[in-house]
Amino acid sequence: MIKYSRLKLGLLLAISVLLVFPHLLLAAPDPVFDEVKALVEAFYVDPVDAKQLNVNSSQELLAKLGDEYSLYMTAAEFEEFMGSIEGQYAGIGVYLNGQMLPEGIEVSGIIGGSPAEKAGLKAGDVIVRIDQKIVGGLDLDTVCGMLLGPAGTRVQIEVKTGQLNRNFTLFRQIINIPVVNSSRMDFNTAYIDIDSFSEEADQDLADTMASCRKDGADKWIIDLRGNPGGYIDSAIEMAGIFIGPGVVTVLEERDTVTSYRTDHPQVQASEPVIILIDENSASASEILAAALRDHRKAILLGSTTYGKGTVQEIYPLSNGDWLKLTTARFYSPLGIPINGIGVDPDLPLDSKNIIKAAELLLSDPPDGGAGSYELQANGHGFVVDLALARSPQYWEVWGDVTGQLQYLPAYKGAGGERYDLLTTSQVQDRTALYYPNASSIGSIDNYSPGRDIVLYISQESGAGWNADNIEMLNSATGEQLEVAVEVSADKFVRIKPFANLLPGEYWVIFNDGQQEDFLARIGVQQ
1 MIKYSRLKLG
11 LLLAISVLLV
21 FPHLLLAAPD
31 PVFDEVKALV
41 EAFYVDPVDA
51 KQLNVNSSQE
61 LLAKLGDEYS
71 LYMTAAEFEE
81 FMGSIEGQYA
91 GIGVYLNGQM
101 LPEGIEVSGI
111 IGGSPAEKAG
121 LKAGDVIVRI
131 DQKIVGGLDL
141 DTVCGMLLGP
151 AGTRVQIEVK
161 TGQLNRNFTL
171 FRQIINIPVV
181 NSSRMDFNTA
191 YIDIDSFSEE
201 ADQDLADTMA
211 SCRKDGADKW
221 IIDLRGNPGG
231 YIDSAIEMAG
241 IFIGPGVVTV
251 LEERDTVTSY
261 RTDHPQVQAS
271 EPVIILIDEN
281 SASASEILAA
291 ALRDHRKAIL
301 LGSTTYGKGT
311 VQEIYPLSNG
321 DWLKLTTARF
331 YSPLGIPING
341 IGVDPDLPLD
351 SKNIIKAAEL
361 LLSDPPDGGA
371 GSYELQANGH
381 GFVVDLALAR
391 SPQYWEVWGD
401 VTGQLQYLPA
411 YKGAGGERYD
421 LLTTSQVQDR
431 TALYYPNASS
441 IGSIDNYSPG
451 RDIVLYISQE
461 SGAGWNADNI
471 EMLNSATGEQ
481 LEVAVEVSAD
491 KFVRIKPFAN
501 LLPGEYWVIF
511 NDGQQEDFLA
521 RIGVQQ
């Protein structure tokens with residue numbers, strides 16, 4: 001994370017170092033090293049003892065600190081670093097998703113206005129050569145390094161489109177990638193992905209949310225997964241959109257502790273908010289996530305964040321290089337430490353279905369009632385309609401969510417506005433979380449593929465059953481299997497799967513179009 005507001009201050013500090021310690025420059029063969037030493041001694045987050053300072057180079061001094069975030073950067077490295085925060089680089093303007101093919105690497109997208117777009121490259125094209133070098137067999141980082149370079153320089157690429165190979169000579173240019181992107185989802189929900197906290201990211205977010213609101217959005221999914229951070233000021237201003245005026249983070253420097261506030265006069269987004277985080281959400285991402293959690297303005301879904309709870313400032317050096325130095329640690333508004341710990345989610349979920357899970361939690365059915373569940377998290381209630389949860393697109397997602405109910409209070413709709421808290425045994429009964437009113441007629445734990453499944457129906461439970469309203473589902477995916485069903489006069493149900501069942505768990509379901517109930521569990525062993 002950079003505190004951009006201090007970049008100019010860093011220049012003044014560097015100059016003042018030369019004025020305050022002129023004897024160092026007169027005596028030493030490496031004046032830049034003395035600048036680095038003076039800056040470390042004056043501004044590093046922890047006091048630096050004489051033993052750490054008794055070294056012969058900047059690299060050795062920074063290594064003595066044992067701080068991976070305090071770095072000496074050449075001018076070129078600084079430019080690349082700043083470009084990564086601003087979503088800016090010099091290249092040809094292609095997205096590569098890492099899909100390495102035997103003959104090269106697949107292009108997953110093209111950036112508008114880029115050299116690649118002007119040349120006519122399309123998603124799905126395969127880059128097979130770069131400057132006459134075969135791409136097949138190279139890794140993604142190597143390929144990216146070959147495509148990047150100073151603006152205005154030339155790169156030759158050979159591209160395969162279908163069965164046609166074409167050669168292009170492209171000139172690299174500065175590419176600006178939007179760091180805030182949005183899309184419209186179901187249930188008046190806007191999905192907003194923030195890739196970095198650039199200098200203008202907070203204004204980009206405000207503009208994006210205003211545009212989404214005009215399109216009818218009134219619920220928000222903010223994706224911070226993979227976001228490594230950026231400007232602290234941007235994170236503070238973003239937090240203000242959701243919390244209004246208040247403390248966003250607490251910075252602890254060597255000798256001072258300062259609460260940083262947002263001065264937004266009022267909350268601009270009071271609607272339900274879900275923040276997505278993962279182990280690569282770091283620094284400014286953690287400031288925003290922790291602030292919204294502490295102010296109870298959002299719930300967090302995903303996995304524990306990276307745990308980079310330190311602030312770096314950047315100081316220019318007299319030779320044109322730069323020093324990135326850790327000058328503070330930050331804490332959540334409630335003083336909760338983040339460095340080396342991270343920010344924990346309210347609901348732990350892996351990334352596979354996390355966006356659909358957030359969408360389901362924000363679905364907000366108008367009636368709720370007996371056919372729904374309510375989950376409570378960080379002061380917010382999320383009502384989920386079971387009919388929707390059991391639909392093909394959400395079945396697996398609902399399983400992911402209900403598999404983590406030990407972290408959240410969950411309530412079952414009991415009619416009207418009444419909801420009853422689920423007991424531990426109810427939370428652990430997976431079938432009841434899909435079919436809460438069902439009563440099982442049996443279970444087969446060691447079914448052998450190839451045999452018919454035979455279940456007995458009691459007189460009381462079998463009313464209205466016939467071959468047309470009995471189904472068999474894969475319990476993990478909700479996929480309906482092709483089966484032949486016979487209901488005999490002597491109260492037996494015979495089910496014959498058309499294909500051998502793979503190992504796993506399957507459910508027999510009653511579904512007459514008006515009501516769905518769980519009937520039996522079938523376990524298939526390895």
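Going by UniProt numbering, the sequence shown opens with residue 1, and the numbers climb by one from there. Note that beta-carbon positions come from the ideal geometry of N, C-alpha and C, so glycine has one too.
_Looking at the secondary structure, which residues open and close the beta strand (DSSP E) in which Gly104 lies?_
Gly104 to Ile110
*Rounded straight-line distance, which links the Cα of Ala75 to that of Pro22*: Unreliable placement is indicated for Pro22, whose pLDDT of 35 sits below 50; the coordinate value is still reported in the next sentence. Going from the Cα of Pro22 to the Cα of Ala75 covers about 24 angstroms.
_For Gly240, tell me which candidate among Trp220, Ala269 and Gly379 has the shortest Cα-Cα distance._
Ala269
*Helix, strand or coil for Val159, going by three-state DSSP, please let me know.*
strand
_Between which two residues does the beta strand (DSSP E) holding Tyr72 run?_
Leu71 to Met73
*Excluding the five sequence neighbours on either side, which residues of its own chain have a C-beta within less than 6 angstroms of the C-beta of Asn167, listed in chain order?*
Glu158
*Using the Cα positions of Phe43 and Lys324, report the straight-line distance between them to the nearest angstrom.*
11 angstroms
*asked:* So, for Pro409: in the same chain, excluding its five sequence neighbours on each side, which residues have a beta-carbon less than 7 angstroms away from its beta-carbon?
replied: Gln376 and Leu421
*asked:* With a threshold of 8 angstroms on Cβ separation, who are the neighbours of Asp452 within its own chain once the five nearest residues in sequence on each side are excluded?
replied: Arg494, Ile495 and Lys496
*Over what stretch of residues does the alpha helix (DSSP H) that includes Pro31 continue unbroken?*
Pro31 to Phe43
_Short Cβ contact (9 angstroms threshold) for Leu61 with Leu71_ = no
*Are there 16 or more other CB atoms within 10 angstroms of the CB of Thr402, so buried, or fewer, so exposed?*
buried
*Would Ala476 be called buried (16 or more neighbouring beta carbons within 10 Å of its own) or exposed?*
exposed
*Distance, Trp465 Cα to Asp517 Cα*: 12 angstroms
*Decide if Ile355 is buried, meaning its Cβ has at least 16 other Cβ atoms within 10 Å, or exposed.*
buried
*Do you know whose CA, among Asn176, Ile277, Leu433 and Met73, lies nearest Pro316's CA?*
Met73
*Where does Lys324 sit, in a helix, a strand or coil, going by DSSP?*
strand
_Neighbour flag for Asp34 against chain C, beta carbons, 9 angstroms_ = This model lacks chain C altogether; it includes just one protein chain.
*Put Gly145 into one of helix, strand or coil per three-state DSSP.*
helix
*Could you tell me whether the segment 83 to 95 touches the segment 109 to 127, where touching means 3 or more Cβ pairs closer than 8 angstroms?*
yes
*Kindly confirm or deny that the segment 339 to 353 and the segment 294 to 305 touch, where touching means at least three C-beta pairs closer than 8 angstroms.*
yes
_Could you tell me the alpha carbon to alpha carbon distance between Asp202 and Asp193, rounded to whole angstroms?_
13 angstroms
*Measure the CB-CB distance between Ile287 and Ala235 and report whether it falls below 9 angstroms.*
yes
*Inside the segment 259 to 332 only - alpha helix (DSSP H) runs reaching at least 4 residues*: 284 to 294
_Reduced DSSP secondary structure (H/G/I, E/B, other) of Tyr407_ = helix
*Report the rounded CA-to-CA distance for Pro150 versus Asp49, giving the unit in angstroms.*
41 angstroms
*Tell me whether Ser372 is buried or exposed, calling it buried when 16 or more other Cβ atoms sit within 10 Å of its Cβ.*
buried
*asked:* According to DSSP, Trp507 sits in a beta bridge with which residue or residues?
replied: Leu473 and Arg521
*Name the DSSP beta bridge partners of Gly413, please?*
Tyr419
*With Ser182 as the anchor, note down where its beta strand (DSSP E) starts and where it stops.*
Val180 to Met185
_Since Phe330 and Leu292 should fall inside the 8 angstroms C-beta cutoff, what is the C-beta to C-beta distance between them, to a whole number of angstroms?_
The Cβ separation is near 15 angstroms, so there is no contact.
*asked:* Using the three-state DSSP reduction, which class does Pro392 fall into: helix, strand or coil?
replied: coil
_Would Val40 and Thr310 qualify as a contact pair, given that the criterion is a beta-carbon distance under 9 angstroms?_
no
*Looking at the structure shown, is Glu199 part of a helix, part of a strand, or coil, going by DSSP?*
coil
*Between the Cα of Ile341 and the Cα atoms of Ser283, Arg296, His295 and Pro392, which residue gives the shortest distance?*
Ser283
*Between the segment 255 to 275 and the segment 203 to 222, do at least 3 Cβ pairs fall closer than 8 angstroms?*
yes
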